[in-house]
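Engineer: Sharing a structure here in structure tokens format.
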Amino acid sequence: MDEFSIRFLHHTVTVTSTNNSQYIVSYDETVNGVVVPLVLGVIYPKEDIDSGMKWITDDDLSEELVQLLGEMIRDRGI
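Sequential numbering of the sequence shown, starting at 664, is according to the working numbering.
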């Protein structure tokens with residue numbers, strides 16, 4: 664399983680690939696001194712006739728974040 668992390672202002676977001684071309688987006692939250700990974704959502708590529716490859720999510724992630732992470736996935740080749 665390939666993964667990478669990116670640090671934002673208050674959280675480090677981790678993107679982990681799955682076997683079916685989907686990518687799990689998560690971050691670690693400390694709860695009562697225990698680090699717990701929280702899943703933000705799943706993103707995946709979809710071919711768009713007008714704009715080529717577009718990144719999609721069925722979760723409540725912002726469009727800008729989904730596209731940014733999608734570009735990073737493509738750049739890393741995972």
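Positions of the beta carbon are idealized from the N, C-alpha and C atoms, including for glycine. Only a predicted model underlies this, so the values are computations on that prediction, with no experimental measurement involved.
What is the residue span of the alpha helix (DSSP H) that Asp738 lies within?
Structural biologist: As a position in the sequence shown, residue 738 is number 75, starting the count at 1. Segment 726-739, the alpha helix (DSSP H) holding Asp738.
Engineer: Ile712 by DSSP, collapsed to three states: which one?
Structural biologist: On the sequence shown, residue 712 is found 49 positions in, with the first residue counted as 1. In the structure shown, Ile712 sits in coil (DSSP, three-state: anything other than H, G, I, E or B).
Engineer: Locate the beta strand (DSSP E) running through Phe671, then write down its first and last residues.
Structural biologist: Residue 671 sits at position 8 when you count from the first residue of the sequence shown. Here Phe671 belongs to no beta strand (DSSP E), and DSSP marks it neither H nor E.
Engineer: If you follow the beta strand (DSSP E) that Thr743 is in, where does it begin and where does it stop?
Structural biologist: In the structure displayed, the chain extends from 664 to 741; residue 743 sits before or after that span and is not available.
Engineer: With a threshold of 16 other CB atoms inside 10 Å of the CB of Leu732, please say whether the residue is buried or exposed.
Structural biologist: Numbered from its first residue, the sequence shown carries residue 732 at position 69. By the 10 Å Cβ count, Leu732 comes out buried.
Engineer: So Val678 and Glu666 are in contact, right, with Cβ under 8 Å, and what is the actual spacing, rounded?
Structural biologist: If you number the sequence shown from 1, residue 678 lands on position 15. If you number the sequence shown from 1, residue 666 lands on position 3. Correct: roughly 6 Å between the Cβ atoms.
Engineer: Short of 7 Å in beta carbon distance, which residues of its chain neighbour Pro700, apart from the five on each side in sequence? Order them along the chain.
Structural biologist: Here the question's residue 700 lines up with position 37 in the sequence shown. Result list for Pro700: Ser689, Asp691, in chain order.
Engineer: Enumerate in chain order the residues of its own chain whose CB-to-CB distance from Arg737 is below 6 Å, with the five nearest sequence positions on each side excluded.
Structural biologist: In the sequence shown, residue 737 corresponds to position 74, counting from 1. Excluding sequence neighbours, Arg737 sits near nothing in its chain.
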